[in-house]
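Each residue of the sequence shown is one higher than the last, beginning at 1210 in the working numbering.
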Amino acid sequence: MTATAGVSINKFLAKMASGQNKPNGLTVILPEEAIAFVEELPIEKFHGIGEVTAAKMHSLGIHTGADLKERSSKKLPKASLLELTHHFGKAGYCKVFH
């Protein structure tokens, strides 16, 4: 029997960590590593982002967590929120970096 586990500071990061060393491994993301981990993560690896959403994000220039962070933290955060909500609905605005 094999098992994979992820450990981190929140459920989202633990879920992402569990996908890193499949099929039989343990990944730990420490608090000081969390931002860099998410920034480097390809958008299609985010929990809940399927092929269609990933393709839509790619068409908007969002390929990694860093791209999403930049898009959602521009100088006009309300405009960024409206843009992401327009494309992906209310659930599409991710507060990973806030």
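Think of the CB as a built atom: it goes at the ideal place given N, C-alpha and C, for glycine as much as any other residue.
Quiz item: If you count every other CB in all the chains shown that lies within 10 Å of the CB of residue 1216, and 16 or more means buried, which is it?
Solution: exposed
Exercise. Quickly, what does DSSP pair residue 1214 with across the bridge? List them, please.
Key: 1235
Quiz prompt | Pick from 1272, 1263, 1257, 1231 that is closest to residue 1220, judged by C-alpha positions | solution = 1257
Practice problem: Would you mind sorting residue 1264 into buried or exposed? The rule is 16 or more other CB atoms within 10 Å of its CB. | Solution: exposed
Quiz prompt | 7 Å CB neighbourhood of residue 1214 in its chain, flanking five on each side removed | solution = 1227, 1235
Quiz item: Under the rule that 16 or more other beta-carbon atoms within 10 Å means buried, what is residue 1243, buried or exposed?
Solution: buried
Self-check item: Straight-line Cα distance separating residue 1211 from residue 1273
Solution: 29 Å
Quiz item: From what residue to what residue does the alpha helix (DSSP H) around residue 1277 run?
Solution: 1274 to 1281
Self-check item: Inter-residue Cα distance where the pair is residue 1292 and residue 1237
Solution: 33 Å
Quiz item: Going by other Cβ atoms of all chains shown within 10 Å of its Cβ, with 16 needed for buried, is residue 1180 buried or exposed?
Solution: Examination of residue 1180 is not possible in this model, given that the chain is present from 1210 through 1307 alone.
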